[in-house]
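Presented below is the structure to which this report refers.
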Amino acid sequence: MIYELRHLTTYHYGKPVSFARCSLRLAPRLGPDQSVTDSELTITPTPARQESHIGPFGEVVLTATIETPHRELKILARSRVNVHRPLLPRPLNGPAWDAVRDQAFATTRLDVGSPAHFLYPTPMTALQPAITAYAAASFPPGRPVLEAAFDLTCRIRADFAYDPKSTEVSTPAIQAFEARRGVCQDFAHIMISGLRGLGLPAAYVSGYLRTIPAPGKARLEGADATHAWVNLWCGEALGWVGFDPTNGLVVAGDHIILAVGRDYADVAPIGGVVLGPGGQTIDVAVDVIPLEEQALRIG
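Take any residue in the sequence shown, count from 1 to its spot, add 1116: that is its number in the numbering used here.
Here it is in structure tokens:
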């Protein structure tokens, strides 16, 4: 599936800002199941300096410095992405999860896709006995890793309430777990904490999820959003497989990857500092448009 992506972030400042330095992860990530044919980033006011590099986990990071006084900052990312992620065969099975755990700890690889980078806790995904015990209910000895991971994915979907007002971007997994509510970031952190507590390599993925309007309803422009899910390393043969605990899904062609990291802090789409008095408000508009839908509009 080929998608056109448009992600516009607008910062409104109460008083003029004299300096801003932004770190942006808004270019889709290249990978075995996703190719990028076009990617463009436009920043207004025009930066005095900007440079890009590839981050430690394969993400594109652009750093921009703005020295023009401004009360509004616009960051527009446009991309065209081809997602060619194969569907997993059913039933979901694969090797036993405990065999995958042993493979992960025995690996000597240190490349970008190595499971070794994603075995250990972070401040947002600290190992917690309660979360590990919750995850363990899906992982009895010898259970196939895909079957067990999908079971955990569906349990999180059923047991936790989606509540945008309950957490913030800095909320650790244990806080959302105890409240039994949160957003996609929280559910991904909870699942990652549980999987790592069992010794399984799990990564945080930021990106987009294609939304499909109800029958007879038009897709609302700008109404899509960024999303987060989990990549689980399922052994050398299967590699990394995505699971979406917010929606109870195995990741397929409707998920588009921006960046992969150990937790949200590694992959935040926009970060940085500004110099100036007063507060700020933020508006975000995201469009994820399948190319055939765009062709229908033009026709």
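Ideal Cβ positions, reconstructed from N, Cα and C, are used throughout, including at glycine.
Ranked by Cα distance from Glu1188, the options Thr1126, Pro1205, Ser1151 are led by Thr1126. For Pro1148 and Pro1163, the gap between their C-alpha atoms comes out near 33 Å. Cβ neighbours of Gly1171 within its own chain (closer than 7 Å, five residues either side excluded): Val1177. Measuring C-alpha to C-alpha distances from Val1357 to each of Ala1368, Ile1191, Val1285 identifies Ala1368 as the nearest.
Apart from the 5 residues on each side of it in sequence, His1169 sits with its Cβ closer than 6 Å to the Cβ of Val1177 in its chain, given in chain order.
The DSSP assignment places no complete run of the beta strand (DSSP E) inside the region 1216 to 1283 (cut-off: 3 residues). Linking Ile1191 to Ala1375 through their CA atoms gives a straight-line distance of about 18 Å. Of all C-beta pairs linking the region 1243 to 1252 to the region 1286 to 1294, three or more are shorter than 8 Å, placing the two stretches in contact. With respect to His1371, Asp1379 sits apart: the two C-beta atoms are not nearer than 8 Å. Each residue's CA atom was taken as its position, placing Leu1365 and Arg1201 some 14 Å apart.
With fewer than 16 other Cβ atoms from the protein chains shown falling within 10 Å of its own Cβ, Ile1398 counts as exposed.
For Phe1293, the enclosing alpha helix (DSSP H) has its first and last residue at 1289 to 1295.
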